[in-house]
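Enquirer: Quick note on numbering: the sequence shown equals residues -23 to -1, 1 to 184 in mature numbering (1 follows the signal peptide of the UniProt record, and there is no 0).
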Amino acid sequence: MNKFRMLAIVGSLILGLSPAASANAEGETPLQQEIDQVLANTEGGVQISQNEIAWDGGDAIMSFPLPGETQAPVSSPAAQRLQAKAAGKPAGTVEPASTPGDVTILGSTDSCPTQVFGNDWYCFYQHPNYGGHRLQWNATHKSPVYFSKYDFANETSSWVNNGAKKIRVFDDYWVNNPTELWNEYGHDSSTFVGSYWGDRADYFITN
């Protein structure tokens, strides 16, 4: 064993860390560290690809930009399988420009799932111009869905609504007196919600 590796393990034991934890921390990429942080801050999430986390069997999926990119790519094959199931589509349904193992961005700059997977997908993005993390759903949610469940509270800066639902987004800063920030109407999008409304969204409901 390399003597420096041995020293690292001994040091980790002194600090109360396991050798496995030390080795994992040494070898993790910044992307994996981001994913691990979200998993640590939430419950029920499962990493389904190198850059995606799914909750509740794919009801919600978060995608991270790949190294060197500013936007999350289109859904991976693993995520597309969950999307097909959620939308009641045949197994093996894929985005037109996507092939197994391909996670490159399609021509659409927003990367939200298209109507190939049904007309009801809507996505929230961490940064303007659909940058950063993407968090997506397709189901109707009459009760509030809190972004904090996905470590995404006060994060939304742009959005895409590819379906016919009306989505209402709220800031819950004032307890029992939420502020409605914006409405998302069917087949619409916003590259930037504005400096006043950005990074304030706490929850949403659909109509």
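Where is the CB? At the ideal position from N, CA and C, for every residue including glycine.
Exposed or buried, what is K142 when buried is set at 16 or more other beta-carbons lying within 10 Å of its beta-carbon?
Expert: buried
Enquirer: Spatial neighbours of T47 within its chain, please: CB distance less than 7 Å, with the 5 preceding and 5 following residues excluded, ordered by chain position.
Expert: Its chain contains G108 as the residues whose beta carbon lies nearer than 7 Å to that of T47, once the 5 sequence neighbours on both sides are disregarded; these appear in chain order.
Enquirer: Name, in chain order, the residues that DSSP records as bridge partners for D148.
Expert: Beta bridge pairing from DSSP links D148 with T156.
Enquirer: Can you tell me the Cα-Cα spacing of N115 and E5, whole angstroms?
Expert: 32 Å
Enquirer: Between Q103, V122, N160, V152, which lies nearest to S40 when the distance is taken from Cα to Cα?
Expert: When each option's Cα is compared against that of S40, the closest is Q103.
Enquirer: Under the three-state reduction of DSSP, which class applies to V93: helix, strand or coil?
Expert: helix
Enquirer: Roughly how many angstroms separate the alpha carbons of K66 and A49, rounded to a whole number?
Expert: 23 Å
Enquirer: Output the residue ranges of the alpha helix (DSSP H) runs that lie fully inside the segment 36 to 74 and measure 4 residues or longer, sorted by chain position.
Expert: 54 to 64
Enquirer: Just curious, the beta strand (DSSP E) that E132 is in, first and last residue?
Expert: It is not in any beta strand (DSSP E) - E132 carries neither H nor E in the DSSP assignment.
Enquirer: Which term fits G22, buried or exposed, when burial requires 16 or more other beta carbons within 10 angstroms of its beta carbon?
Expert: buried
Enquirer: State the DSSP-derived secondary structure class of S125, mapped to helix, strand or coil.
Expert: Under the three-state reduction of DSSP output, S125 falls in the helix class.
Enquirer: Ends of the alpha helix (DSSP H) at E11?
Expert: 7 to 18
Enquirer: On the CB-based measure, 16 or more other CB atoms within 10 Å of its CB, does E157 come out buried or exposed?
Expert: Here E157 is exposed: its Cβ has fewer than 16 other Cβ atoms, across all protein chains shown, within 10 Å.
Enquirer: Assuming the contact rule is C-beta atoms closer than 8 Å, D179 and D148 should be a hit. Round their C-beta distance to whole Å, please.
Expert: Contact holds; Cβ gap of about 6 Å.
Enquirer: Could you tell me which residues DSSP puts in a beta bridge with residue 199?
Expert: What the structure shows of the chain is the stretch from -23 to 184, and residue 199 is not part of that stretch, so it cannot be assessed.
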